[in-house]
Amino acid sequence: MIRKLLVFGLIFNLTACAELQQVVNQLPQTTGGIIGNTEIASGLRQALDFGIDKQVTKLTQTDGFYNNSLVKILLPQELQKVDKTLRDVGLSKLADEGLKVLNRAAEDAVKEATPIFVDAVKGITFADAKNILLGNNDAATQYLNSKTQTALYNKFSPVIKSSFGKVGADKIWANLINKYNDIPFTSDVNPDLTDYVTGEALKGVFTMIAIEEAEIRTKTASRTTDLLKKVFALQD
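Read in order, the letters of the sequence shown correspond to residues -18 to -1, 1 to 218 in mature numbering (1 follows the signal peptide of the UniProt record, and there is no 0).
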């Protein structure tokens, strides 16, 4: 009886070891063994860098915001009545120009501020890189957003303000709002367009980074470096 128990125990242990070894063999390997948190974090940073290089740069082109339905900056709620009223009194061309220059300011600002995003990615530390890797298709982008939103806003806002002057948005909107405020029976408006466009431009940037992250996660052909292939194979 004891001999039978020993034989059974040996068979059980061998089977368990074999199954464990099979699991280990299925994990992606590097020259130093199983991929660790540090290498996963490097892969996530590279994916975010690719998002900036391939997708965010599209926003810096002429009408990069205005002609992109995913990130086009629309008027805030308080200015929608301004837009409608101006069109009703025959100032549609001015209203169109006002919307376009908001997007043009964001386009110009992203061009100036792209290094800010590059530095943010370099400086970010992933507390739990593996959980982010195995998360949603935009998990790394959302993590970057949550960790850098306030700092990026503070750096981005003066760039937006400067861009307003560069593309003439400040004068156009001053004229547009003055004309609206002069219309009888309307309530005067004085919106903080710098704050609004800064927030919308940042949303647009993170939207485009998320697009590239999803591409890398779902399409092996988009993993164009050895690091991306190693790291993102783990989530397949």
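Ideal placement from N, C-alpha and C gives every residue a C-beta, glycine not left out. Keep in mind that this is a model prediction, so the values were computed, not measured.
Buried versus exposed call for residue i [16 or more other C-beta atoms within 10 Å across all chains shown]
{"i": "leucine 85", "result": "Residue identity differs from the one stated: residue 85 is asparagine in this sequence, not leucine. With 16 or more Cβ atoms within 10 Å of its Cβ, asparagine 85 is classed as buried."}
{"i": "lysine 212", "result": "buried"}
{"i": "threonine 132", "result": "exposed"}
{"i": "threonine 207", "result": "exposed"}
{"i": "serine 139", "result": "buried"}
For residue i, the three-state DSSP class (helix, strand or coil)
{"i": "threonine 180", "result": "helix"}
{"i": "alanine 109", "result": "coil"}
{"i": "valine 53", "result": "coil"}
{"i": "tyrosine 162", "result": "helix"}
{"i": "arginine 86", "result": "helix"}
{"i": "leucine 216", "result": "coil"}
{"i": "arginine 205", "result": "coil"}
{"i": "glutamine 4", "result": "Annotation note: pLDDT 44 at glutamine 4 (below 50); position unreliable, no value reported."}
Through-space distance from residue j to residue i, alpha-carbon basis
{"i": "leucine 184", "j": "arginine 205", "result": "26 Å"}
{"i": "leucine 56", "j": "alanine 121", "result": "26 Å"}
{"i": "lysine 40", "j": "alanine 77", "result": "25 Å"}
{"i": "isoleucine 191", "j": "isoleucine 142", "result": "20 Å"}
{"i": "threonine 202", "j": "threonine 44", "result": "31 Å"}
{"i": "threonine 189", "j": "asparagine 118", "result": "14 Å"}
{"i": "lysine 54", "j": "phenylalanine 47", "result": "5 Å"}
{"i": "aspartate 90", "j": "threonine 42", "result": "6 Å"}
{"i": "serine 169", "j": "glutamine 62", "result": "13 Å"}
Heavy atom of the ligand NAP within 8 Å of residue i beta-carbon
{"i": "threonine 39", "result": "This structure simply doesn't include the ligand NAP, nor any ligand for that matter."}
Worksheet item: Below 8 Å, can you find three or more Cβ-Cβ pairs linking the segment 21 to 40 to the segment 101 to 108?
Response: They touch, by the three-pair rule.
So, does the segment 62 to 82 touch the segment 154 to 166, judging by three or more C-beta pairs under 8 Å?
yes
Worksheet item: Does the segment 141 to 160 touch the segment 171 to 181, meaning 3 or more C-beta pairs lie closer than 8 Å?
Response: yes
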